[in-house]
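Numbering (my numbering), first residue to last: 37 to 351. C-beta: ideal position from N, C-alpha, C; glycine also. Here's the structure, in structure tokens; my notes come after.
In structure tokens form, the structure reads like this:
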């Protein structure tokens, strides 16, 4: 069995690969070629969680089970750490163990890219980023794959982390104008696309500050208790898309709260990535506010894990 670290994978597997592999697994989903179980989230403490996600693609003849630890209080280790066990369904052999922190971030960024491409204004130039933890980096890369961004605004509750994030983007080769802002309202009012990647249990921005035509990607919260976007944001959204309907009904805190409070109903959700990944442009007007909410699902991890297997020729 091959063992691949984040570093091994990063050298060969990039955001554009992940976007195409996520589209491939969405096609499997649409055509009933996936077998999966609901993600299991177990609390490890008041602030930390363990996640377990299994999935099989009968078309691609591959199985994965992903284990993720999320420990926000870590000082010297990443908040999110993970591992994916990959098995070949032709003979049941366990063929690889993949470190999954990078792949988790990358597949989420690829999903954000697909949603943004279908929903954000085509002339979007300013990307606002709320929350500059490790998950946020690949979200920026995903948006940059599909829109010509000329300015990136960063906000983090701890400003020096935003400054470090800015340097990481610059060191990666991002030559777009990047600015750290001290007021989140300022960022929200200027952003054409807003990436929100926090694990907050209270809203981190005021939805009334959103300008017309904004597209929002909410990717940080993944339990019913986590609510990083307020009800005004949900209310103002003319179109809401999810990554996975079953997962969202269990874990998308903002959407669950909005349904419980009568702000929207589940019938108001326009669809999921499966419905739009290979279709045309879905924005109704330049003034419409659109929202994409992501909680994750095992088949997205299968997409990138199998993509690594193909690139590394390990199948």
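Helix, strand or coil: how does DSSP classify residue i here?
i, result
"residue 324", "coil"
"residue 222", "helix"
"residue 340", "helix"
"residue 235", "coil"
"residue 120", "strand"
Whole angstroms is fine: what's the gap from residue i's alpha carbon to residue j's?
i, j, result
"residue 155", "residue 247", "15 Å"
"residue 51", "residue 142", "6 Å"
"residue 108", "residue 117", "11 Å"
"residue 166", "residue 261", "19 Å"
"residue 285", "residue 311", "17 Å"
"residue 113", "residue 321", "44 Å"
"residue 32", "residue 70", "The requested residue 32 is not part of the displayed model; the chain covers only 37 to 351."
"residue 199", "residue 120", "31 Å"
"residue 158", "residue 126", "43 Å"
"residue 87", "residue 77", "5 Å"
"residue 72", "residue 219", "42 Å"
Determine the burial state of residue i: buried for a count of at least 16 other Cβ atoms within 10 Å of its Cβ, exposed for fewer.
i, result
"residue 345", "buried"
"residue 316", "exposed"
"residue 128", "exposed"
"residue 332", "buried"
"residue 192", "buried"
"residue 241", "buried"
"residue 201", "buried"
"residue 135", "buried"
Name the two residues that bound the continuous beta strand (DSSP E) containing residue i.
i, result
"residue 309", "No beta strand (DSSP E) holds residue 309; the alpha helix (DSSP H) holding it covers 309 to 312."
"residue 213", "213 to 216"
"residue 102", "98 to 106"
When you measure from the CB of residue i to every non-hydrogen atom of the ligand FAD, does any distance come out below 7 Å?
i, result
"residue 38", "The model depicted lacks the ligand FAD and carries no ligand whatsoever."
What residues match up with residue i in a beta bridge as DSSP calls it?
i, result
"residue 251", "229 and 326"
"residue 164", "189 and 230"
"residue 88", "76 and 103"
"residue 274", "Partner(s): none; residue 274 has no beta bridge."
"residue 93", "70 and 98"
Within the continuous alpha helix (DSSP H) that includes residue i, where are the two ends?
i, result
"residue 137", "137 to 155"
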